[in-house]
Amino acid sequence: MKEIRILLICFLMCLVTGISLNMIFEKKQKKIGVVDAVRLFDKFNMKTEMEAKAKVKLQLLNGQVDSIGNQLNLAKATQDEAATKKLAYAYDYIRSELDKEYTRSNREINEQVWKRLNPAVEAFGKQEKLHVIIGANGMGSVLYNDDYYDLTDKLIEYVNKKYEEGS
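Numbering-wise, the numbering used here puts 59 at position 59 of the sequence shown, and it's gapless, one number per residue.
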């Protein structure tokens with residue numbers, strides 16, 4: 001009876017030790033990935049498409065700025081003060097509208113792209129069984145990582161595939 005009790009205690013001690021070692025080992029096996037956030041953002045197809053659409057409107061406004069600028073220069077050359085004053089006002093207004101549209105367009109693109117990217121990054125992390133994905137951009141806390149942890153290209157491929165599939 002005493003031997004069985006000692007064997008049972010030894011068995012329980014081994015079991016507890018095994019479970020403890022397993023927990024410690026699993027904690028050390030956490031998977032980490034590093035992604036170049038700037039490259040991910042720039043290579044996302046949705047961003048490229050949105051920029052192409054915005055570029056059309058910005059080029060139209062830029063064409064108007066150039067046209068009024070040319071008329072303004074002509075009015076200045078002919079010393080037509082009334083026309084110069086009107087054209088200077090129009091030029092400043094259109095230039096201001098171009099700047100506002102450029103800022104609005106960039107903000108909207110950034111918001112829409114990250115709104116779409118964030119869930120895709122999360123899904124990628126779950127699919128790859130990662131515990132942490134660290135965003136590196138050369139300006140933040142990750143100043144260096146070797147290729148072992150870099151998942152940027154794999155994530156770019158994943159998010160673009162999901163985007164093309166419509167999800």
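Ideal Cβ positions, reconstructed from N, Cα and C, are used throughout, including at glycine.
query: Closest by CA to L72, which one among L87, N62, A82 and Q64?; result: L87
query: What is the residue span of the beta strand (DSSP E) that D80 lies within?; result: Careful: D80 lies outside any beta strand (DSSP E) and carries neither H nor E.
query: What residue range does the beta strand (DSSP E) around D36 cover?; result: I32 to D36
query: Can you grab the Cα-Cα spacing for the pair L117 / Q59, in whole Å?; result: 27 Å
query: Once DSSP output is grouped into helix, strand and coil, what is the label at G166?; result: coil
query: Using DSSP with H/G/I as helix, E/B as strand and the rest coil, what is D92?; result: helix
query: Whole-angstrom Cβ separation of A37 and G166, contact assumed at under 8 Å?; result: Actually they are not in contact, since the Cβ atoms of A37 and G166 sit about 24 Å apart, beyond 8 Å.
query: Assuming Y91 and V65 form a contact by the criterion Cβ under 8 Å, report the distance between their Cβ atoms to the nearest whole angstrom.; result: 7 Å
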